[in-house]
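Q:
Protein chains: 2
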Amino acid sequence: MRTIFYISDGTALTAEAFGKAMLSMFPVQVVHKTLAFIDTPEKAKEAVNKINQAYDASGERPIIFHTFVSIDIKRIIMSSRGACYDFLDYFIAPISQELGIPAQPKTHRTHGIQESMVDREKYDFRIEAVNYTLDNDDGSNISDYDEADIILLGVSRTGKTPTSLYLALQYGIKAANYPLTEDDDIEHLQLPKVLRPHVRKIYGLTLEPQRLHEIRSKRREGSRYASLAQCRFEVQQVENMYRREGIPFLDSTHFSVEEIAAKILAETNLERHRF
Amino acid sequence: MRTIFYISDGTALTAEAFGKAMLSMFPVQVVHKTLAFIDTPEKAKEAVNKINQAYDASGERPIIFHTFVSIDIKRIIMSSRGACYDFLDYFIAPISQELGIPAQPKTHRTHGIQESMVDREKYDFRIEAVNYTLDNDDGSNISDYDEADIILLGVSRTGKTPTSLYLALQYGIKAANYPLTEDDDIEHLQLPKVLRPHVRKIYGLTLEPQRLHEIRSKRREGSRYASLAQCRFEVQQVENMYRREGIPFLDSTHFSVEEIAAKILAETNLERHRF
């Protein structure tokens, strides 16, 4: 099988994003290897050995997606026998011309904390959002809801917690989440009173009953809680309530946490670029 | 100020990664706007209006980073008056040639859950890691440490929790974390007995005393816990213990959670590409 290398003198997150987006265009099975923080000639030479060994072992030329600030280190990588692709390089000239300023490459500008106070504050903002989200997971701390940017609502196991954490970590959004449970009297489901003052910040999550049944069965096999009938009933009741209350909601069955978060942001106009 | 648009018929995460990496090469202040899920001609025409309005309002030509599967929708975006950059387009031909297969663009392949069972299982794996990490946050559930891929160790407020969550969400790594506290007798600091059987999975986090003091002061201003003297003492004791025990550790002061995670992965050889 062909080996794909993602190599950088930083985190290699950009090289991964670039390479994976490219590969998503092709129906091909590959082995992925990331080599991050390749920031000395010695490490670069080691990387070249790994590339050449992968070539010899498989007989298929490795593909290298790389982003380097140091030209000297980049040259060492490009001396390997892999097929090298560098998207920064290609676009730098036209974007420099458009902006009317020369490029000033600097390591770690994409995923690093910058040295300025502004950047440090923007970063702290994200960590604060993570702390807020953890403190407000699963309906705890309702007194803090004034501070929430969004409150995710849903029955048990519909993806509220991972989505909240992703919104906080990725976007610095203070995302609380509140579970609807048996205590909320699902048979006559109303919006819980504590949520009423915050109704405009609420976003509902739901899931196909069959999928909910599968997920709950992993936790409590054979229980009433996990039964398909119960899952169907809860989903129906909660969707009816969302509609009655005018709460926007999303069926998350076929979406990853990245997609759910992006859809919520697109629909609610929460700001993606706070940091 | 110039407006930068990130536009896609999917989450636009790839367009953002591409655009932000490009812009990181230039010392320039801009306004960022993401338009995700632009998947109909109507939405595309609306996007064109927004681009042209941003041009008229600022007098500076907007820059558009876009990734589209649908060529028809892409053409509408490219009819705007912005400067459009499409990195997928440029690299598709050479990579197709290298792979020896034609491209088969498909929406949502990069950040979506694929339809096959394998992809669903890989995705569930990540969500399981998030659940594991939450259940094992802050020293709870020590009985589960057999299952951990990594156990982050450190004194209070050194970034253990955000780093654990990022490792779980981004990489599907089961990351427990354990806090060293007054109860661990910091004056004669030993590796806590419960951690001894798992010592090879432990990774230490530390922070410059001044920075730790600032962070703790936000929580408990003026307390002994937050005092610079106490922070200095704890950091010194814990770093000595890491060295004595041969535990690898990282001073996270100048790094973002992305960088900390990438450095830990690079150093421990935990697998980045599990899904």
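Protein chains in written order, with our numbering: chain A, 1 to 275; chain B, 1 to 275.
For glycine and all other residues, C-beta sits at the position ideal for the given N, C-alpha and C.
1. Would you verify that the beta carbon of Thr-161(A) is, or is not, closer than 9 Å to some beta carbon of chain B?
2. Using alpha carbons as the reference points, say which of Ile-64(B), Glu-42(B), Gly-10(B) lies closest to Val-31(B).
3. From Ile-186(A) to Ser-223(A), what does the alpha carbon distance come to, in whole angstroms?
4. Tell me whether the region 242-253 of chain A and the region 30-46 of chain B touch, counting them as touching only if at least three CB pairs, one residue from each stretch, are closer than 8 Å.
5. Could you check whether the Cβ of Leu-207(A) sits closer than 9 Å to any Cβ belonging to chain B?
6. Could you tell me the distance, in whole angstroms, from the CA atom of Ile-51(A) to the CA atom of Asn-131(A)?
7. Based on the DSSP secondary-structure assignment, which residues constitute the bridge partners of Ile-64(A)?
8. Give the secondary structure of Pro-179(A) by DSSP, where H, G and I count as helix, E and B as strand, and everything else as coil.
9. Less than 9 Å separating the beta-carbons of Lys-43(B) and Phe-37(B)?
10. Which residues, in chain order, does the region 38-72 of chain B contribute to contact with chain A at a C-beta distance below 8 Å?
11. Could you give the distance in angstroms between the alpha-carbon of Cys-237(B) and the alpha-carbon of Ile-7(B)?
12. Could you name the residues of chain A that Met-22(B) contacts, counting a contact when the two beta carbons are closer than 8 Å?
13. Could you check how far apart the C-beta atoms of Asp-137(A) and Ser-156(A) are, in whole angstroms? I think they sit under 8 Å.
14. Asp-135(A) and Asp-149(A) look like a contact to me (Cβ under 8 Å); what is the Cβ gap, rounded to whole Å?
15. Could you check the C-alpha separation between Val-235(B) and Ile-76(B) for me, to the nearest Å?
16. Closer than 8 Å by beta-carbon distance: list the chain B residues that pair up with Tyr-166(A), in chain order.
17. Secondary structure at Gly-139(A), three-state DSSP: helix, strand or coil?
18. Name the two residues that bound the continuous beta strand (DSSP E) containing His-32(B).
19. Between the C-alpha atoms of Glu-214(A) and Phe-68(A), what's the straight-line distance to the nearest angstrom?
20. Are the C-beta atoms of Phe-18(B) and some chain A residue less than 9 Å apart?
21. Check each residue of the region 197-224 of chain B: if its Cβ is closer than 7 Å to any Cβ of chain A, include it; give the result in chain order.
22. With distances taken Cα to Cα, identify the nearest neighbour of Gly-82(A) among Pro-102(A), Asp-89(A), Val-48(A).
23. Kindly list the residues whose CB is nearer than 8 Å to the CB of Thr-158(A), restricted to its own chain and excluding five residues on each side of it in sequence; keep chain order.
24. Reducing DSSP to helix, strand and coil, say where Gly-204(B) ends up.
25. Taking the alpha helix (DSSP H) that Leu-165(A) belongs to, which residues open and close that run?
26. Measure the beta-carbon distance from His-66(A) to Ala-17(A) and round it to whole angstroms, keeping in mind my assumption that it falls under 8 Å.
27. In chain order, which continuous runs of the alpha helix (DSSP H) of length 4 or greater are located wholly inside the region 208-269 of chain A?
28. Please report the distance separating the alpha-carbon of Leu-191(A) from that of Tyr-225(A).
29. Locate the beta strand (DSSP E) running through Val-155(B), then write down its first and last residues.
30. In chain A, which residues lie less than 7 Å from Ser-256(B) when you measure between Cβ atoms?
31. Going along chain A, which residues have a C-beta under 7 Å from Val-28(B)?
32. From the DSSP output, in three-state form, read off Val-69(B) for me.
33. Can you tell me where the alpha helix (DSSP H) with Thr-40(A) in it begins and where it stops?
34. Please report how far the alpha carbon of Ile-95(A) lies from the alpha carbon of Ala-57(B), in whole angstroms.
35. Output needed for Arg-272(B): all residues of its chain with C-beta closer than 7 Å, excluding positions within five of it in sequence on either side, in chain order.
A: The structure says:
1. yes
2. Ile-64(B)
3. 17 Å
4. no
5. no
6. 41 Å
7. Phe-5(A), Cys-84(A)
8. strand
9. yes
10. Arg-61, Ile-63, Thr-67
11. The question names Cys, yet the displayed sequence has Gln at residue 237(B). Each residue's alpha carbon lies about 50 Å from the other.
12. Leu-88, Phe-91, Ile-92, Ile-95
13. Not quite, the Cβ-Cβ distance comes to about 13 Å (not below 8 Å), so this is no contact.
14. The Cβ separation is near 14 Å, so there is no contact.
15. 57 Å
16. Leu-169
17. helix
18. 30-35
19. 45 Å
20. yes
21. none
22. Val-48(A)
23. Leu-205, Thr-206, Leu-207, Leu-212, Ser-252
24. strand
25. 160-171
26. No, His-66(A) and Ala-17(A) are not in contact; Cβ-Cβ is about 13 Å, not under 8 Å.
27. 209-219, 228-245, 257-268
28. 21 Å
29. 150-155
30. His-111, Gly-112, Ile-113, Tyr-123
31. Leu-99, Ile-101
32. coil
33. No alpha helix (DSSP H) contains Thr-40(A), which DSSP labels as neither H nor E.
34. 21 Å
35. Tyr-171, Leu-265
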